[in-house]
Amino acid sequence: MPELPEVETVKNVLLPIVKGRKITQIDILRSSIIKNNPKDIFSHGLIGETILDVSRIGKFLIFHLTNEKVMISHLRMEGKYFEILENEKPTKYARVIFHFDNGHRLCYDDSRTFGMLKLSSESQYLKEKEIAQLGPEPFFADAKTLKEKTIHSHTPIKSTLLDQTLMTGLGNIYADEVCYACHIHPLTETNKISLSQWEDIVINARRILNEAIASGGSTIRSYHPGKGIDGNFQTSLLAYGKKDEPCPRCGHYFRFIKVGGRGSTFCPHCQIRHGKPIKVAIFGPSGVGKSVILQYLAKQNYATISADEVVNQLYERKEIIDKINKLFNLSFDNKIDKALLRQYLIDHPKDIRKLNNLIHPLVKKEIEQYINKQKMDFVFAEVPLLFEAKMENDFDIWLAVDINQDQQIERLNKRNKKSAQDIKTINSYSKFDIYKKKADFVINNNTDLKSLYKQIDNLINKWQDRLN
Numbered sequence: 306m307p308e309l310p311e312v313e314t315v316k317n318v319l320l321p322i323v324k325g326r327k328i329t330q331i332d333i334l335r336s337s338i339i340k341n342n343p344k345d346i347f348s349h350g351l352i353g354e355t356i357l358d359v360s361r362i363g364k365f366l367i368f369h370l371t372n373e374k375v376m377i378s379h380l381r382m383e384g385k386y387f388e389i390l391e392n393e394k395p396t397k398y399a400r401v402i403f404h405f406d407n408g409h410r411l412c413y414d415d416s417r418t419f420g421m422l423k424l425s426s427e428s429q430y431l432k433e434k435e436i437a438q439l440g441p442e443p444f445f446a447d448a449k450t451l452k453e454k455t456i457h458s459h460t461p462i463k464s465t466l467l468d469q470t471l472m473t474g475l476g477n478i479y480a481d482e483v484c485y486a487c488h489i490h491p492l493t494e495t496n497k498i499s500l501s502q503w504e505d506i507v508i509n510a511r512r513i514l515n516e517a518i519a520s521g522g523s524t525i526r527s528y529h530p531g532k533g534i535d536g537n538f539q540t541s542l543l544a545y546g547k548k549d550e551p552c553p554r555c556g557h558y559f560r561f562i563k564v565g566g567r568g569s570t571f572c573p574h575c576q577i578r579h580g581k582p583i584k585v586a587i588f589g590p591s592g593v594g595k596s597v598i599l600q601y602l603a604k605q606n607y608a609t610i611s612a613d614e615v616v617n618q619l620y621e622r623k624e625i626i627d628k629i630n631k632l633f634n635l636s637f638d639n640k641i642d643k644a645l646l647r648q649y650l651i652d653h654p655k656d657i658r659k660l661n662n663l664i665h666p667l668v669k670k671e672i673e674q675y676i677n678k679q680k681m682d683f684v685f686a687e688v689p690l691l692f693e694a695k696m697e698n699d700f701d702i703w704l705a706v707d708i709n710q711d712q713q714i715e716r717l718n719k720r721n722k723k724s725a726q727d728i729k730t731i732n733s734y735s736k737f738d739i740y741k742k743k744a745d746f747v748i749n750n751n752t753d754l755k756s757l758y759k760q761i762d763n764l765i766n767k768w769q770d771r772l773n
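Whatever position you read off the sequence shown (first residue = 1), add 305 for my numbering.
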């Protein structure tokens, strides 16, 4: 969706095209674009009037015309304005066409028809509900007032920044950029944002928006501010759309999560989520020591849960046994025999995805329910297939456990020599080497237990400051 800088750019592009032009005719090709006005009243109110100026409030364009007439326009997702010369055909998604006294036409183009046009007046337009509910733009916002208005809000700060009634002008792109500039995790509860952080938000919002306006906005996917015009600010975006790319500040990989249903990109090292519980995912292939770590943490009275144990419980449920039998034409009775199932998957590797599609959502649900019940400072979950199960965004910290291959095989043989080769084969299907690069921290379990426990203790001490 075009945001404040893009709409400001559209305004600047439109002004020399429309200022001083009289509207001689209006073609309404999609009446749903006209809001709260019958199309004949809309047309009748504007035909014969001359456009005096175009201003902007937040993401709204305001056309000021003679006889105190005003037209309010919001571009929504894909709205655009094109000047059409006498010898040109209307654009493919033309919805409303304004004919001018110089023979040119202004085409409102909107492929998804989410935009709106509304007739109002100079005395009324600021009272229209679309405009009246808007908060101040960042250029005029006051940090202390923002803090006071949100002091009891548990909404994630990213969602708060998108609330146009609190402060208008920031959309998804620039909210990501502001959070990144301020070192604020997008999921941070708004009531935990300090006054100094609100001051940073306002300062950086003003800076980023001004820089974007100077660059003509950002051309993202199919959005362009006008015919033949691309915004250049996308080359300056530091966080938005940078999933899995290295952070320019610290080199760690950006992550992508959903916040209030909106895609959000952030750096987990530069934008740490504070407050409890801190949710830690422990992942890695079989035989690296994940279970040993979880047992140690449980003895230290931390909240722990194992995805493998969840799977074991699922494999005892009749409805799951029946589904697996039907899915793979097997005949388990009262419990899934993991060794037999493992052998089946080795012989039929293409069926691994089918099993994952069945089991992973159930494991995810069980672990999420467990985490949501916890009141402790830390929650540790052993999730070997963290990424395959699409559970990575449930956790604040990704802790990878690694080991050299010889020791891994030795430990697998000690555990169960018969199944060691099978587990090694299953491990070969994993993408651990790729996922390890995304981890926030890596433990190398190549020595003794004392060294392993020390690494764990050091990390927990390091994470303590996130609780505040």
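Here a beta-carbon is modelled for each residue, glycine too, at the ideal position from N, C-alpha and C.
Item to complete: Could you work out which residue in Cys575, Ile377, Arg647 and Tyr675 is closest to Phe633 when comparing CA atoms only?
Response: Looking at the Cα atoms, Arg647 is the closest of the given residues.
Worksheet entry | Coarse secondary structure for Cys484, derived from DSSP in three states | In the structure shown, Cys484 sits in a helix (DSSP, three-state: H, G or I).
Worksheet entry | Cβ-Cβ separation, Gly384 to Lys497 (assumed contact under 8 Å), whole Å | 36 Å between Cβ atoms; not a contact.
Practice prompt. Ignore the nearest five residues each way along the sequence and tell me which others in His490's own chain have a CB closer than 7 Å to its CB.
Written response: If we look at His490 and ignore the five residues flanking it on each side, its Cβ neighbours are Phe571, Gln576, Ile577 and Arg578.
Practice prompt. Could you tell me which residues DSSP pairs with Arg567 in its beta bridges?
Written response: Partner(s): Val564.
Worksheet item: With 16 other CB atoms within 10 Å as the buried threshold, where does Phe368 fall?
Response: It is buried - the Cβ of Phe368 has at least 16 other Cβ atoms within 10 Å.
Discussion item. Under DSSP, the alpha helix (DSSP H) around Asp505 begins and ends at which residues?
Written reply: Per DSSP, the unbroken alpha helix (DSSP H) holding Asp505 starts and ends at Leu500 to Ala519.
Worksheet item: So which of Val597, Lys659 and Val323 has the shortest CA-CA distance to Gly589?
Response: Of all alpha-carbon atoms in Val597, Lys659 and Val323, the one lying nearest the alpha-carbon of Gly589 is that of Val597.
Worksheet item: Span of the beta strand (DSSP E) holding Ile328?
Response: It spans Ile328 to Ile333 - the beta strand (DSSP E) in which Ile328 sits, taken as one unbroken run.
Practice prompt. Provide the residue span of the alpha helix (DSSP H) that contains Ile338, from first to last.
Written response: For Ile338, there is no enclosing alpha helix (DSSP H), as DSSP gives it neither H nor E.
Worksheet item: Between the beta-carbon of Lys741 and the beta-carbon of Ala705, is there less than 8 Å?
Response: Taking the C-beta atoms as reference points, Ala705 is found nearer than 8 Å to Lys741.
Item to complete: Give the straight-line distance between the Cα atoms of Ile328 and Leu411, rounded to the nearest whole angstrom.
Response: The alpha-carbon atoms of Ile328 and Leu411 are separated by roughly 10 Å.
Worksheet item: In whole angstroms, what is the alpha-carbon distance linking Glu614 and Pro689?
Response: Looking at the two C-alpha atoms, the distance is approximately 11 Å.
Discussion item. Is it buried or exposed, Pro666, if we count other Cβ atoms within 10 angstroms and call 16 or more buried?
Written reply: Exposed: under 16 other Cβ atoms inside 10 Å.
Worksheet entry | Phe405 (DSSP reduced to helix, strand or coil) | Look at Phe405 here: in three-state DSSP terms it is strand.
Fill in: Helix, strand or coil at Thr455 according to DSSP, with G and I counted as helix
DSSP, reduced to helix, strand and coil, places Thr455 outside both helices and strands of the structure shown, so it counts as coil.
Item to complete: Enumerate in chain order the residues of its own chain whose CB-to-CB distance from Val747 is below 8 Å, with the five nearest sequence positions on each side excluded.
Response: Cβ-Cβ distances below 8 Å link Val747 to Leu704, Ala705, Val706, Asp707 and Lys741 in the same chain, with the five nearest sequence neighbours on each side left out; the list follows chain order.
Worksheet item: Cys555: buried (16+ other C-beta within 10 angstroms of its C-beta) or exposed?
Response: Taking every protein chain shown into account, the CB of Cys555 has fewer than 16 other CB atoms within 10 angstroms, so this residue is exposed.
Practice prompt. Report the three-state DSSP secondary structure of Phe347 (helix, strand or coil).
Written response: Of the three classes helix, strand and coil, the one that applies to Phe347 here is helix, per DSSP.
Worksheet item: Is the segment 615-635 touching the segment 650-667 in the sense that three or more CB pairs, one from each, lie closer than 8 Å?
Response: Yes, they touch.
Fill in: Within 8 Å, strictly: CB atoms of Phe685 and Leu602
Taking 8 Å as the Cβ cut-off, Phe685 and Leu602 qualify as a contacting pair.
Item to complete: Out of Trp768, His379 and Glu313, point me to the one whose CA is closest to Lys839's CA.
Response: Not covered by the structure: residue 839. The range shown for the chain is 306 to 773.
Item to complete: Output yes or no for whether 8 Å exceeds the beta carbon distance between Ser378 and Leu366.
Response: Going by C-beta atoms, Ser378 is nearer than 8 Å to Leu366.
Worksheet entry | For Leu451 and Thr470, the rounded distance between their alpha carbons | Spanning the two alpha carbons is a distance of roughly 11 Å.
Worksheet item: Apart from the five residues on each side of it in sequence, which residues of its chain come closer than 8 Å, Cβ to Cβ, to Met681?
Response: The residues Lys581, Pro582, Tyr607 and Ala608, in chain order, have a CB closer than 8 Å to that of Met681 in the same chain once the five nearest residues on each side in sequence are set aside.
Practice prompt. Could you tell me the distance, in whole angstroms, from the CA atom of Leu475 to the CA atom of Ala517?
Written response: Taking the Cα positions, Leu475 is about 12 Å away from Ala517.
Item to complete: Give the straight-line distance between the Cα atoms of Ser591 and Leu660, rounded to the nearest whole angstrom.
Response: Looking at the two C-alpha atoms, the distance is approximately 18 Å.
Worksheet item: In whole angstroms, what separates the C-alpha of Lys374 from that of Lys397?
Response: C-alpha separation (whole angstroms): 29 Å.
Discussion item. Distance check for Gln429 and Thr283, CA to CA, integer angstroms please.
Written reply: A question about residue 283 goes unanswered here, because the residues of the chain that appear run from 306 up to 773.
Worksheet item: Using 8 Å as the Cβ pair cut-off and three pairs as the minimum, do the segment 435-449 and the segment 505-519 touch?
Response: Here the segment 435-449 lies against the segment 505-519, with 3 or more beta-carbon pairs under 8 Å apart.
Worksheet item: Going by Cα to Cα distance, which pick from Ser348, Asp745 and Asn372 is closest to Leu357?
Response: Nearest of Ser348, Asp745 and Asn372 to Leu357, Cα basis: Asn372.
Discussion item. Could you tell me the alpha carbon to alpha carbon distance between Glu391 and Phe405, rounded to whole angstroms?
Written reply: Rounded to the nearest angstrom, the gap between the Cα atoms of Glu391 and Phe405 is 11 Å.
Worksheet item: What residue range is occupied by the uninterrupted alpha helix (DSSP H) comprising Glu311?
Response: Its alpha helix (DSSP H) spans residues Leu309 to Val323.
Worksheet item: Which ranges would you report for the alpha helix (DSSP H) in the segment 593-649 if only whole runs of at least 4 residues count?
Response: Runs of the alpha helix (DSSP H) inside the segment 593-649: 595-604, 612-619 and 623-633.
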